[in-house]
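So the sequence shown is numbered by my numbering: it starts at 26 and just counts up by one. Beta carbons are placed, not taken as given, at the ideal position from N, Cα and C, and that holds for glycine. In this text the structure is predicted, and so the values were computed from the model without any measurement.
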Amino acid sequence: MAGPLVNGFQGSVNRQPAPAEAGDFWGVNPRAVVIADAGQLVAPAPSGLIVGNFAWVDSFGNVTQHHVVGAQIGLLHREGNAVIVNFLAPATYIVNEGFPITLYSQGDMWAKFASGATPGQVVYADPGTGAPTTSPSTASVVGSVGLTSGTATSLGGVVTLTAAVGYVSVGDTMTDGTNSGVITAQLTGSPGGNGTYNITGPTPADFSASTVSTLSNVLDVTSVNFGSLAVGDDLSPISANIVSQISGTPGGVGLYLIDGVQQTFASGTITVGSIATPWIVNSVAASGELAKISTWG
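And the structure:
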């Protein structure tokens with residue numbers, strides 16, 4: 026069996042054939058697939074899906090390898106639908122957008138572990154890529170991003186906000202679905218809550234007892250279930266990383282600047298680190314090697 030490739034060419038010969046590739050079957054226990062309607066289980070744009078990694082399917086049949094709370098999880102089976110599209114590339118594990126896929130929620134499969142694995146360990150899914158790992162979540166907190174609801178009136182660039190649910194920050198974009206504006210300062214009231222705010226473009230905001238929400242880059246952590254937060258942490262399901270802590274207890278309750286596009290996330294559990302799956306490791310794997318995993322123990 027050919028060993029590692031060197032500039033696209035065979036570089037060595039192994040004594041033993043490779044047992045499998047990531048995403049292959051290995052056992053004969055019953056198998057079950059993730060359920061979705063016809064035509065829904067396809068690789069998404071623009072980057073497709075990685076074979077042998079976990080993926081999540083939401084209630085609309087959308088597939089992603091970034092953790093989605095409440096979505097079905099399954100391991101992406103290797104079935105010959107990863108097509109090499111890069112010129113002269115020797116191999117690929119990428120199923121390109123639009124190609125059909127099969128996700129298995131039960132069964133016996135092979136998976137690759139970047140840091141190795143030991144029999145009996147629980148298999149976790151990296152929340153950003155779906156990659157199998159034996160490292161559990163490092164923290165769980167309750168928080169929100171932006172204002173999920175409130176009532177606003179405005180006059181001369183000053184907005185009066187009442188019935189606020191969530192946290193308002195300078196730089197947030199406030200909208201009622203028609204009019205919008207950027208908050209530049211809080212003038213009065215409870216910090217980040219009910220009160221008056223200066224607001225400017227991109228379009229002149231004219232709220233008249235309107236129900237409004239805000240898009241934000243600030244995470245408001247209100248409680249910690251376990252662990253602590255740190256700069257660079259990958260957060261799910263809000264699809265962002267922590268850039269810096271603005272205020273509060275270091276690594277705990279407080280405000281955090283996050284990267285990515287402005288978004289709104291209603292108060293809920295936010296996970297840092299990997300997501301537990303029903304799969305268990307069944308064989309030894311060194312760093313970067315394959316291990317057998319199963320939902321049957």
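Residue nearest to A188 within the set I98, S174 and P55 is S174 (criterion: CA-CA distance).
Remark: fewer than three beta-carbon pairs, one from each stretch, lie closer than 8 Å, so the stretch 273 to 288 and the stretch 96 to 116 are not flagged as touching. Judged by DSSP secondary structure, W135 falls within the beta strand (DSSP E) whose first and last residues are D133 to F138. Following the DSSP letters along the chain, one finds T294 inside the beta strand (DSSP E) bounded by residues F290 to V297.
For the stretch 220 to 288, the continuous beta strand (DSSP E) assignments of 3+ residues that do not extend past its boundaries occur at 220 to 227, 235 to 240, 243 to 251, 259 to 261, 265 to 273 and 279 to 283, in sequence order. Cβ atoms of G86 and G48 stay farther apart than 8 Å, at about 21 Å.
Per the coordinates, the alpha-carbon of D258 lies some 34 Å from the alpha-carbon of N204. Taking 7 Å as the cut-off, the beta carbon of Y129 is found closer than this to the beta carbon of H102.
G206 carries a strand assignment under DSSP once its states are collapsed to helix, strand and coil. In the three-state reduction of the DSSP assignment, T213 falls in the strand class, which pools E and B. DSSP places I305 in the strand class (E or B) of the three-state scheme.
Looking at the backbone, the Cα of A150 and that of V237 are separated by about 36 Å. A contact is defined here as three or more CB-CB pairs under 8 Å, and the stretch 155 to 166 meets this definition with respect to the stretch 250 to 257. In the displayed model, Y129 falls within a strand according to three-state DSSP. By the criterion of a C-beta distance shorter than 8 Å, L66 is surrounded in its chain by V59, V82, G86, V88, P125, I126, T127 and L128, once the five residues flanking it on both sides are discounted. Listed in chain order, the non-local C-beta contacts of T178 below 8 Å within the same chain comprise V184, T185, F232, S233, A234 and S235, local neighbours out to five positions each way being set aside. In this structure, the CA atom of E122 is about 16 Å from the CA atom of T154. At the C-beta level, I263 and V170 come within 7 Å of one another. Between D284 and T239, the gap from beta carbon to beta carbon reaches 7 Å or more. If the five residues before and after S312 are omitted, its C-beta is found closer than 8 Å to the C-beta atoms of F138, A139, S140 and G141, all from its own chain and listed in chain order. At a Cβ-Cβ threshold of 7 Å, R40 and G132 do not count as neighbours. Where V167 is concerned, the enclosing beta strand (DSSP E) starts and stops at A164 to V170.
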